[in-house]
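Heads up: the structure comes next, in structure tokens.
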Amino acid sequence: MISFRPNWLQLPSHWKASMLPKQSQSQRYEGLSEKFLSSPVPKILLLAGTDRLDRALTIGQMQGKFQMVVVRHTGHAIQEDVPDEFATLLLNFISHNRIGPHGIEIPGLRRAPQSTP
68 MISFRPNWLQ LPSHWKASML PKQSQSQRYE GLSEKFLSSP VPKILLLAGT
118 DRLDRALTIG QMQGKFQMVV VRHTGHAIQE DVPDEFATLL LNFISHNRIG
168 PHGIEIPGLR RAPQSTP
């Protein structure tokens, strides 16, 4: 008997989220919200109007552990449904949080005027 083993099974023996059928759909993503919340970097979560948060993300959002934006009138693929709005949201987030080794300035990005005390 000849057996065929696909090449992708010979690649890394350990994946971040296994896609093998031995796991149920819910087991596949177990603990993912906690990993997201424990990351020490600024985080943004873009949600379609119909998406819901699990318990860990709901608590994390109430504690201010990440910025959440609900994008209305979109499906699950926000970046495809409203690409301009998606890009603007990400650019504003990156610019506001000065992400990068020394932070980055994004020319042409409209910002709200800063008030001085």
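Taking the numbering used here, the leading residue of the sequence shown gets 68, the next gets one more, and so forth. All C-beta atoms, glycine included, are put in the ideal place defined by N, C-alpha and C. Because the structure is a prediction, the values reported are computed rather than measured.
- For HIS140, the closest of ALA123, LEU113 and SER100 by C-alpha to C-alpha distance is LEU113.
- A straight-line Cα-Cα distance of about 13 Å links ASP151 and ALA144.
- Cβ neighbours of GLY116 within its own chain (closer than 8 Å, five residues either side excluded): VAL137, VAL138, ARG139, HIS140 and THR141.
- Counting along the chain, LEU99 sits inside the alpha helix (DSSP H) bounded by residues 99-105.
- Setting aside the 5 residues that flank it on each side, GLU101 is surrounded in the same chain by ALA123, each with a C-beta closer than 7 Å to its C-beta; the list follows chain order.
- Closest by C-alpha distance to ILE126, out of GLU97, GLN94, TYR96 and LEU104, is LEU104.
- For ALA115, the enclosing beta strand (DSSP E) covers residues 111-115.
- Rounded to the nearest whole angstrom, the CA to CA distance from ASN159 to TYR96 is 29 Å.
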